[in-house]
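Q: Below are the structure tokens for one structure; questions will follow.
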Amino acid sequence: MFEAVATTEIVRSSLLTLWASVASFVPKLVAAIVVFLIGWLIAVLLGRVAYHLIKVLQINKALEGLGFRPALERGGLKLDAPKFFDELVKWFFIIVFLMASTNIVGLTQVTQFLGVVVFYLPNVIVAAFVILIGVLLARFLEHSVRVSVRAAKLVSANFLAELARWSVLIFSFLIALDQLKVAPELIRIFVMGIVAMVAVAGGLAFGLGGRDLAGDWLDKLRKRVQD
């Protein structure tokens, strides 16, 4: 009889302990779900903001001008920069709020893993924006250099314009790779080589294209000195 009572008390104690654990966990679970759902809505909203911002900047048009569309289509992908940034921003904030939710329910290891992902995602976002800014700046510089060189009546206007455009694009990609921590030392060596190459190419282009103009300037200067 005493053994039956003792067994009943053990079962009762275990059930009470289990109920106390469930009762303390349920509010945390509800709070975590609420936080995640609110975070999901915020993430979707911010993603749409990024979508419309990239669409207004006409990034797709700039990338098409650089030949990105056929290159992506050959790989079975579609060029859609606004959608890309929409998804990137949305999932970044979804993971942020998911990390907060897992922290509320005490899933420490999951929270730590998501923290690593969250801390790396800004590098991806920054790298993508660097490339986009580089694309826009490359288009602007290409047009400006071509117009300026032609206005100065120099030859090699197209060469200098292309040189300016590809220099900016290459630097943008290298900066993006550095932001992603992809072989930083190799990238620095490559950057130094690109700088040297651009300096030599620019000097040769100006020397060959600006030779006649430089001669005219020297003749005018000589005449003024003689007068």
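Quick note on the numbering used here: the sequence shown kicks off at -19 and runs consecutively.
Using N, Cα and C, we set each Cβ at its ideal position, and we do this for glycine too.
All values reported here derive from a predicted model rather than from experimental measurement.
Out of I39, N83, F73, point me to the one whose CA is closest to V10's CA.
A: Sequence index remark: in the sequence shown, residue 10 carries index 30 (1-based). Out of I39, N83, F73, N83 has the C-alpha closest to the C-alpha of V10.
Q: Of the residues M79, F120, K58, V36, which one's Cα is nearest the Cα of G19?
A: One-based indexing of the sequence shown puts residue 19 at position 39. When each option's Cα is compared against that of G19, the closest is M79.
Q: Nearest-angstrom Cα distance between L140 and V125?
A: The sequence position of residue 140 within the sequence shown is 160, counting from 1. The sequence position of residue 125 within the sequence shown is 145, counting from 1. Those two C-alpha atoms are separated by around 7 Å.
Q: How long is the line joining the alpha carbons of A118 and V14, rounded to whole angstroms?
A: Locating residue 118 in the sequence shown gives position 138, counting from the first residue. Locating residue 14 in the sequence shown gives position 34, counting from the first residue. Looking at the two C-alpha atoms, the distance is approximately 45 Å.
Q: Under the three-state reduction of DSSP, which class applies to F(-18): helix, strand or coil?
A: Counting from 1 along the sequence shown, the entry for residue -18 is found at position 2. Here the model assigns F(-18) a pLDDT of 49, short of 50, so the residue's position is not dependable, and the following value carries that caveat. Correct three-state label for F(-18): helix.
Q: Can you check whether the CB of V106 is closer than 7 Å to the CB of Q38?
A: As a working note, residue 38 is residue 58 in the sequence shown. As a working note, residue 106 is residue 126 in the sequence shown. Cβ atoms of Q38 and V106: not closer than 7 Å.
Q: How many angstroms separate the CA atom of V36 from the CA atom of A30?
A: To locate residue 36, count along the sequence shown from 1; it is residue 56. To locate residue 30, count along the sequence shown from 1; it is residue 50. Approximately 10 Å, taken between the alpha carbons.
Q: Quick one: is S128 buried, meaning 16 or more other Cβ sit within 10 Å of its Cβ, or exposed?
A: Along the sequence shown, read from residue 1 onward, the residue named residue 128 stands at position 148. Answer is exposed; the Cβ neighbour count stays below 16.
Q: Take the Cβ of A61 as the centre, count every other Cβ of all protein chains shown within 10 Å, and call the residue buried at 16 or more, exposed below.
A: For this step, residue 61 is matched to residue 81 along the sequence shown. Looking at its Cβ environment, which holds 16 or more other Cβ atoms inside 10 Å, A61 is buried.
Q: Over what stretch of residues does the alpha helix (DSSP H) that includes D158 continue unbroken?
A: Residue numbering aside, residue 158 sits at position 178 when the sequence shown is read from its first letter. Run containing D158: 137 to 159, per the alpha helix (DSSP H) assignment.
Q: So, using beta-carbon positions, are V85 and A144 closer together than 7 Å?
A: Start at 1 with the first residue of the sequence shown, and residue 85 comes out as number 105. Start at 1 with the first residue of the sequence shown, and residue 144 comes out as number 164. Not closer than 7 Å, so no.
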